[in-house]
Amino acid sequence: MPRPKTTFPTRRAVALGVGGAALAAATGAMLWPKGQAADYPPTTGEMQGFVLLKKPAPVPSEGFFDGDGQRHQFADFMGDVLLVNFWATWCAPCIKEMPSLSRLAASLRGERFRLLAISQDREGKEKAEPFLRDRLGVSNIELFYDPKLTLGREFGLKGLPTTYLIDAKGGLIGGMEGGAEWDGPDAEALIRHILPTSTETEA
Numbered sequence: 002m003p004r005p006k007t008t009f010p011t012r013r014a015v016a017l018g019v020g021g022a023a024l025a026a027a028t029g030a031m032l033w034p035k036g037q038a039a040d041y042p043p044t045t046g047e048m049q050g051f052v053l054l055k056k057p058a059p060v061p062s063e064g065f066f067d068g069d070g071q072r073h074q075f076a077d078f079m080g081d082v083l084l085v086n087f088w089a090t091w092c093a094p095c096i097k098e099m100p101s102l103s104r105l106a107a108s109l110r111g112e113r114f115r116l117l118a119i120s121q122d123r124e125g126k127e128k129a130e131p132f133l134r135d136r137l138g139v140s141n142i143e144l145f146y147d148p149k150l151t152l153g154r155e156f157g158l159k160g161l162p163t164t165y166l167i168d169a170k171g172g173l174i175g176g177m178e179g180g181a182e183w184d185g186p187d188a189e190a191l192i193r194h195i196l197p198t199s200t201e202t203e204a
């Protein structure tokens, strides 16, 4: 019997609703109507469900863990653009989009960009790592764990997969619920738009 889609109670941050409609968040950030957010590329094609915030919002400070059990926070990655993908091994849409996420990471190798896949499997590394590396053959994605689902709850996840974009200064740019083909021109244009310039990197 297939495992039902998990939903989490909303506590704070941005919750993304069905069809890409954005709900007001405890951050207080207001959302632009689709396609009108600042000077970002239009969220069309595979990114049509991506919701952009009017201005960058704070991200949760809750920690998550690497394969060695080391605790991390998003502040540890300041200086790099982050694409944060919440997923699980039992989530069919998550599995479907993983190869495209891996290809996206490969295409942006050498840029100030990191792709963090944060597993929502309660078994943590024991379940997620062999599934991602061996069964799916994905190697370009940094794998982290949230086995108690505390970070997922802080983000107010409504389901999986859910993916967020965080700028190099640690601000939440926006996100989307549901799977996508992430290695297409729409996603790459959105990410490249906020990559730090050489001047910003040197500052």
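The C-terminal position of the sequence shown is numbered 204 in the working numbering, with every residue numbered one higher than the one before it.
Glycine is no exception: its CB is placed at the ideal position from the N, C-alpha and C atoms.
How long is the line joining the alpha carbons of residue i and residue j, rounded to whole angstroms?
{"i": "R193", "j": "S62", "result": "25 Å"}
{"i": "L173", "j": "R136", "result": "32 Å"}
{"i": "L144", "j": "G46", "result": "27 Å"}
{"i": "F156", "j": "G175", "result": "12 Å"}
{"i": "L191", "j": "H73", "result": "26 Å"}
{"i": "K55", "j": "R110", "result": "28 Å"}
{"i": "I1", "j": "L116", "result": "Limits of the chain in this structure are 2 at one end and 204 at the other, which puts residue 1 out of reach."}
{"i": "Y165", "j": "P131", "result": "24 Å"}
{"i": "L161", "j": "C92", "result": "7 Å"}
{"i": "G171", "j": "L53", "result": "15 Å"}
Are the CB atoms of residue i and residue j nearer to each other than 8 Å?
{"i": "V82", "j": "F51", "result": "no"}
{"i": "F87", "j": "I119", "result": "yes"}
{"i": "Y146", "j": "F66", "result": "yes"}
{"i": "L105", "j": "E189", "result": "yes"}
{"i": "T90", "j": "A129", "result": "yes"}
{"i": "G180", "j": "K97", "result": "yes"}
Per DSSP, which one or two residues make a beta bridge with residue i?
{"i": "L144", "result": "A118"}
{"i": "I167", "result": "L83, L173"}
{"i": "F51", "result": "None, per the DSSP bridge assignment."}
Given that a residue counts as buried once 16 or more other Cβ atoms are within 10 Å of its Cβ, and exposed if not, what is residue i?
{"i": "T198", "result": "exposed"}
{"i": "S140", "result": "exposed"}
{"i": "Q71", "result": "exposed"}
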